[in-house]
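Number of protein chains: 2
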Amino acid sequence: MKTRSQLLKGVLEGCILAIIREEPAYGYELSVKLHEHGLTNISEGSIYPILLRLQKEHLIEGHMQPSPSGPRRKYYHLTDAGHEALANFAEHWNTIKGPVDSIIKGGREQ
Amino acid sequence: MKTRSQLLKGVLEGCILAIIREEPAYGYELSVKLHEHGLTNISEGSIYPILLRLQKEHLIEGHMQPSPSGPRRKYYHLTDAGHEALANFAEHWNTIKGPVDSIIKGGREQ
DNA sequence: GTTGGTATCTTGTTAAACAAGGTAGGTGGG
DNA sequence: CCCACCTACCTTGTTTAACAAGATACCAAC
């Protein structure tokens, strides 16, 4: 179903920023949390590239930390620019969500 | 602002299907209607490619018709497959909208 | 020592929005 | 008559993102 993956464009990035805002998280954890929130089947092949991109844009910063069990984890936290970007994203999301809902539900002309 | 144009990915296609479902429309008209609904700054360079794509996928059909004033218009209407695709899109949209809202608003762990 | 879960990252493919630009019909003003 | 303007169509090239697939590796338990 590629409709879904098109709908996720740009959305995932914002969601990841939002989750990290709550508390620092590592990649693998993000895939679990997104799933728990209802965004199922988000593969790691989507998440890691986003994390690298966000890091390159200085919206997040990461540092390795040992795990109580298993390989080391790279925890990411938001930068100031990251908080701004998230606010910006939330605003865009809100200006799109309303119109799209009203159009899809239909029936309203003019 | 490219965040916005990423967020529109996949969304515009569904919106166009939804508007055409209400009544047949032509390209130029769609750009006006989207704007009226709150989706501003959608250029014709976005709309016409979508219409061509939808037509190629047999979700819509178009036919030329004279205009009371100005060049001829190409009115599009939904096919059966188009109705299905729209229902499908609406479903996907609904499964994404809720989770994204809850993640952005934040505060909920586990 | 090998299996399996946790964890990271990379490459290549595909698909979509949009800017920019090109074509042309009709109408009204000069 | 012709020229400018609005309506209306379509195309090309650029950029960006999700994702599948796969590579790597640590650790624990058996």
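For the record, the sequence lines run as chains A and B.
Residues in the first sequence are numbered consecutively from 3, following the numbering used here.
Residues in the second sequence are numbered consecutively from 3, following the numbering used here.
The beta-carbon is built from N, C-alpha and C at its ideal position, and this holds for glycine as well.
Original post:
Apart from the five residues on each side of it in sequence, which residues of its chain come closer than 6 Å, Cβ to Cβ, to phenylalanine 91/A?
Top reply: Taking the first sequence and counting its residues from 1, the one referred to as residue 91/A is at position 89. Taken in chain order, the residues that qualify are Gly16.
Original post:
What first and last residue would you give for the alpha helix (DSSP H) that runs through lysine 4/A?
Top reply: Indexing the first sequence from 1 puts residue 4/A at position 2. Segment 4-9, the alpha helix (DSSP H) holding lysine 4/A.
Subject >> Length of the line joining the Cα atoms of leucine 10/A and leucine 36/A >> reply: Position 8 of the first sequence, counted from the start, is the residue given in the question as residue 10/A. Position 34 of the first sequence, counted from the start, is the residue given in the question as residue 36/A. C-alpha separation (whole angstroms): 12 Å.
Subject >> Residue(s) in a DSSP beta bridge with histidine 87/A >> reply: To locate residue 87/A, count along the first sequence from 1; it is residue 85. A small fix is needed here, since residue 87/A is alanine in this sequence, not histidine. DSSP output for alanine 87/A lists no bridge partner at all.
**OP:** At 7 Å on the CB atoms, spell out the chain B contacts of threonine 5/A, in chain order.
**Re:** Locating residue 5/A in the first sequence gives position 3, where the first residue counts as 1. Here the neighbours are Gly12, Asn90, Phe91 and His94.
Original post:
Any chance the segment 74-86 of chain B sits against the segment 19-28 of chain B, with 3 or more Cβ pairs inside 8 Å?
Top reply: Under the three-pair Cβ rule at 8 Å, the segment 74-86 of chain B counts as touching the segment 19-28 of chain B.
**OP:** Evaluate glutamate 111/B with the Cβ neighbour count: other Cβ atoms within 10 Å of its Cβ, from every protein chain shown; 16 or more gives buried, anything less gives exposed.
**Re:** For this step, residue 111/B is matched to residue 109 along the second sequence. Residue confidence is low: glutamate 111/B scores 40 on pLDDT, short of 50, so the model does not pin down where it sits. Its coordinate-derived value is still stated next. Exposed is the call here.
Original post:
Alpha carbon to alpha carbon, what distance is there between serine 69/A and asparagine 49/B?
Top reply: As a position in the second sequence, residue 49/B is number 47, starting the count at 1. As a position in the first sequence, residue 69/A is number 67, starting the count at 1. Contrary to the premise, residue 49/B reads as isoleucine rather than asparagine in this sequence. Whole-angstrom Cα-Cα distance: 50 Å.
Subject >> Cβ shell of arginine 55/B (< 8 Å), same chain only, five flanking positions each side left out >> reply: Sequence index remark: in the second sequence, residue 55/B carries index 53 (1-based). Result list for arginine 55/B: Glu15, in chain order.
**OP:** With DSSP as the reference, label glutamate 63/B as helix, strand or coil.
**Re:** One-based indexing of the second sequence puts residue 63/B at position 61. Collapsing the DSSP output to three states places glutamate 63/B in a strand.
Original post:
Which first and last residues belong to the alpha helix (DSSP H) in which arginine 75/B is found?
Top reply: Numbered from its first residue, the second sequence carries residue 75/B at position 73. Boundaries for arginine 75/B: no alpha helix (DSSP H) harbours it, while the beta strand (DSSP E) harbouring it runs 75-80, taken from the DSSP string.
Original post:
Are any of the Cβ atoms in chain B nearer than 8 Å to that of alanine 20/A?
Top reply: Indexing the first sequence from 1 puts residue 20/A at position 18. So, interface residue.
Original post:
CA-CA distance, serine 104/B and methionine 66/B?
Top reply: To locate residue 104/B, count along the second sequence from 1; it is residue 102. To locate residue 66/B, count along the second sequence from 1; it is residue 64. Their backbone Cα atoms lie some 45 Å apart in a straight line.
Original post:
In terms of alpha-carbon separation, which member of Ile22/B, Leu32/B, Trp95/B and Leu53/B lies closest to serine 1/A?
Top reply: Beyond the ends of chain A as shown, which are 3 and 112, falls residue 1/A; an answer cannot be given.
Original post:
Taking 8 Å as the CB-CB cut-off, is glutamine 8/B touching chain A?
Top reply: Here residue 8/B refers to the residue found at position 6 when the second sequence is read from its first residue. Yes, contact with chain A.
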